[in-house]
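Heads up: the structure comes next, in structure tokens.
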Amino acid sequence: MRCYLVHTNLLLSVPVRYWQDFQDTLARATNANIYIFDANGAPFSRFSLPAELCQEVNKGGKLHNEKCIDFYKLACGSLEEKDMLTCPYGLKLCAYRLGSHAQRIGYLMVAPSRHTTLVEREEEIAFITKAHNIYRTINEVFSAILEKNLLGLRRLELNSIYEISRLMTSIVELDRVLELITNSLIIIYQADLCFVGLREGDKIKVAQGKGVNGSQLIGKEWPLVHPLIERIFSKVEPSSLSIEELKVLPGFTGTEAAPGTEIMVYPLWTALGIVGLLGIAAPVSLGDSGSKNLQIYINFAAVALANATLIRRLEREAETDYLTGFLNRRVLRDVLAAELQRAARYGYHMSVIFMDIDDFKAYNDTFGHLAGDVVLQKTAELIKNSIRTTDIACRYGGEEFIIILPGTKGGDAAKVAERIRKSIETYPFPHRRITASLGVAQAKKNDSVDSLLARADQACYQAKERGKNHLCLDPS
Amino acid sequence: MSEIIEKRIGHYETLLREMWTASSKYLGTFSMNLLVERVVWEVSLEYKEIELLQYDQNGISCAKMAARLEENPDLPVEDMFMKFITRYVEILARLLGHERAEEIRKRLDEEFAGDLSASRGE
Numbered sequence: 001m002r003c004y005l006v007h008t009n010l011l012l013s014v015p016v017r018y019w020q021d022f023q024d025t026l027a028r029a030t031n032a033n034i035y036i037f038d039a040n041g042a043p044f045s046r047f048s049l050p051a052e053l054c055q056e057v058n059k060g061g062k063l064h065n066e067k068c069i070d071f072y073k074l075a076c077g078s079l080e081e082k083d084m085l086t087c088p089y090g091l092k093l094c095a096y097r098l099g100s101h102a103q104r105i106g107y108l109m110v111a112p113s114r115h116t117t118l119v120e121r122e123e124e125i126a127f128i129t130k131a132h133n134i135y136r137t138i139n140e141v142f143s144a145i146l147e148k149n150l151l152g153l154r155r156l157e158l159n160s161i162y163e164i165s166r167l168m169t170s171i172v173e174l175d176r177v178l179e180l181i182t183n184s185l186i187i188i189y190q191a192d193l194c195f196v197g198l199r200e201g202d203k204i205k206v207a208q209g210k211g212v213n214g215s216q217l218i219g220k221e222w223p224l225v226h227p228l229i230e231r232i233f234s235k236v237e238p239s240s241l242s243i244e245e246l247k248v249l250p251g252f253t254g255t256e257a258a259p260g261t262e263i264m265v266y267p268l269w270t271a272l273g274i275v276g277l278l279g280i281a282a283p284v285s286l287g288d289s290g291s292k293n294l295q296i297y298i299n300f301a302a303v304a305l306a307n308a309t310l311i312r313r314l315e316r317e318a319e320t321d322y323l324t325g326f327l328n329r330r331v332l333r334d335v336l337a338a339e340l341q342r343a344a345r346y347g348y349h350m351s352v353i354f355m356d357i358d359d360f361k362a363y364n365d366t367f368g369h370l371a372g373d374v375v376l377q378k379t380a381e382l383i384k385n386s387i388r389t390t391d392i393a394c395r396y397g398g399e400e401f402i403i404i405l406p407g408t409k410g411g412d413a414a415k416v417a418e419r420i421r422k423s424i425e426t427y428p429f430p431h432r433r434i435t436a437s438l439g440v441a442q443a444k445k446n447d448s449v450d451s452l453l454a455r456a457d458q459a460c461y462q463a464k465e466r467g468k469n470h471l472c473l474d475p476s
Numbered sequence: 001m002s003e004i005i006e007k008r009i010g011h012y013e014t015l016l017r018e019m020w021t022a023s024s025k026y027l028g029t030f031s032m033n034l035l036v037e038r039v040v041w042e043v044s045l046e047y048k049e050i051e052l053l054q055y056d057q058n059g060i061s062c063a064k065m066a067a068r069l070e071e072n073p074d075l076p077v078e079d080m081f082m083k084f085i086t087r088y089v090e091i092l093a094r095l096l097g098h099e100r101a102e103e104i105r106k107r108l109d110e111e112f113a114g115d116l117s118a119s120r121g122e
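Chains R and F, in that order, give the protein sequences.
Read in order, the letters of the first sequence correspond to residues 1 to 476 in our numbering.
Read in order, the letters of the second sequence correspond to residues 1 to 122 in our numbering.
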């Protein structure tokens, strides 16, 4: 699907009906006709005075005539600063560009109130002087409105930055920080698109995208050695990119940007190095002040993302057993409690397998801890290969494992346990054969984490009692 | 204040509250506040009275605006609210995606027949 970044000039917001009153009064006072186009060359106001010819051609002061529309479009598009033009019906008019060199607001047309070709030189000079005075008045009024609008926007930006900086330093969940950053930028800058990519090893992975087709960017990966990504991270400042340049990255192939759209990609640096990048496509240029405010915001965002990423990494590491990659005992209770609750709510079965490697202490003592670690790692791999992706494996203690099987009856869990037992028994471990004892228990109504684990443990104990390398199903 | 205006303000207040409830479910209170602040600022460039809209984490209220209308019954309330709603839905569509924003719009449209369709057509 193709997407299009929409262009609108939001920096200058002028209520047309109030403006028309002002323009008409000025036109009556100066006895000249006034007409204004916006920055895109589209009509903004109506003719102020009922110019005979225009009334006839355009009906009520609004542009209807194709010839007129084409003429004004062309005139606005090619106007440098000011010019003297003649319309297709022979009306002479003075045309001016409104706004500063840096920011074009729109165009002003001033025409004599009556149909004249301004043949007399003196008459022409008088008209040009009058038109120039009108231009100066209107341009100053527009500039004042623009400045007031911008001040309002800056106040909004600063208030938001203040609030967000407070929040971002207190929020530690990565997803919430990402949501907050992208939401805020879309709202404050009316961005068409905003995305955040996080560094994952040697690549950048898009973690959040909002706006036009933003969600389709999520999950896309860009290698750090990609020439464009390299270019972005080769400096501390943001890169201003064209949509054509972005199209070389996966996820942007079908994207189009309207003329005037500013696409900025900010590298997110902290003391820890590259955290990621943030991209924003705004419909208008932010200007110097806006860019600085945005840069302050981005710096906060980088620190917040770095904090949240670090905390997520620490949490993950705290939850996972480093040797086997399985969940550790600390989180087992939470996971098992959640699964028990879900099974009770939706009324499905659930079972657990308690597994203990037989005579593991002797193996460790005889062949060393390094050899023991290899056994644990390989056993974990054999377990992983024997269960479904929906089953949850956990390293419970030294050589003890717990496997949670949601949606599984005790009998079916025993089949899984037997599969695991056999695969361990037949695997050619170094030094000597390894076996395991397993106990299986199906969750009962009102079972707690402790009661369920106790029954599975008891079944495992019975398997040991039977001479090890056995499995027992809890009979209750 | 005429009964009709009072009724209209009440009508819009209910509409805004519904919008607030529906969108805050997805956006959270902070983003909601920021969104309303942004739209209020933008509409205030034309209608200063929109700044009388009260909003915080508990919701949105038009009480102050209703009071101002007693002093100035000529205030073009319809136009002001329609501009507010149009801009609000436009930004919401960028934040939630067009599909979800459209879902919210449709649900509101069913309850406040016509208002949002009119605003969309602007």
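For each residue, glycine too, the CB sits at the ideal point set by N, CA and C.
Predicted model only: the values in this text are computed from it and were never measured.
If you draw a straight line from the Cα of R/D391 to the Cα of F/E78, it comes to about 58 Å. With distances taken between CA atoms, F/E103 lies nearest to F/S23 out of F/S23, F/Y12 and F/I85. Identification of residues in the region 72 to 105 of chain F having a C-beta nearer than 7 Å to some C-beta of chain R yields I91, R94, L95 and G97, given in sequence order.
Distance from the CA atom of R/Y322 to the CA atom of R/T379, rounded to whole angstroms, is 14 Å. Bounds of the alpha helix (DSSP H) holding R/F367 are F360 to F367. A Cβ-Cβ separation of about 11 Å leaves R/S351 out of contact with R/K415 under the 8 Å criterion. Distances from the CA of F/I91 to each of R/K464, R/S386, R/I404 and R/Y189 were compared; the closest alpha carbon is that of R/Y189.
Under a criterion of Cβ atoms nearer than 8 Å, the residues of chain F adjacent to R/S184 are, in order, S31 and L34. Going by DSSP, R/G77 is part of the alpha helix (DSSP H) stretching over E66 to S78.
Judged by beta-carbon spacing, R/L156 lies within the 8 Å limit of F/W41, meaning their Cβ atoms are closer than that value.
One finds L34, E37 and R38 in chain F with Cβ atoms closer than 9 Å to the Cβ of R/S160, taken in chain order.
Contact between the region 184 to 201 of chain R and the region 69 to 85 of chain F is not established, with fewer than three Cβ pairs separated by less than 8 Å.
Comparing alpha-carbon positions, the option among R/D457, R/H369, R/Y346 and R/P250 lying closest to R/K445 turns out to be R/Y346.
F/F30: member of the alpha helix (DSSP H) spanning T29 to S44, first to last residue. Here R/V141 has no same chain residue with a Cβ atom under 7 Å from its own Cβ, once five neighbours each way along the sequence are excluded. R/T255 sits in a strand when the DSSP states are folded into three classes. What R/G211 touches in chain F, judged by beta-carbon distance under 7 Å, is R94, going in chain order. Inclusion of R/N328 and R/R395 in the CB contact set at 8 Å is warranted, their separation being smaller than that value. DSSP places R/P43 within a strand segment (E or B) once states are collapsed to three. With a threshold of 8 Å between beta carbons, R/L180 makes contact with chain F. Of all alpha-carbon atoms in R/K148, R/W269, R/V275 and R/S291, the one lying nearest the alpha-carbon of R/A207 is that of R/V275.
Nearest CB-CB separation between F/W20 and chain R: not below the 8 Å threshold. From the beta-carbon of F/L27, the residues of chain R found nearer than 8 Å are N183. The criterion of a C-beta distance shorter than 8 Å is satisfied by R/S48 and R/N33.
No Cβ of chain R is located within less than 8 Å of the beta carbon of F/L16. Below 8 Å, too few C-beta pairs join the region 223 to 242 of chain R and the region 157 to 168 of chain R to call them touching: fewer than three.
F/Q54: member of the beta strand (DSSP E) spanning Q54 to D56, first to last residue. Between the region 216 to 224 of chain R and the region 301 to 309 of chain R, the count of C-beta pairs closer than 8 Å stays below three; the two stretches do not touch.
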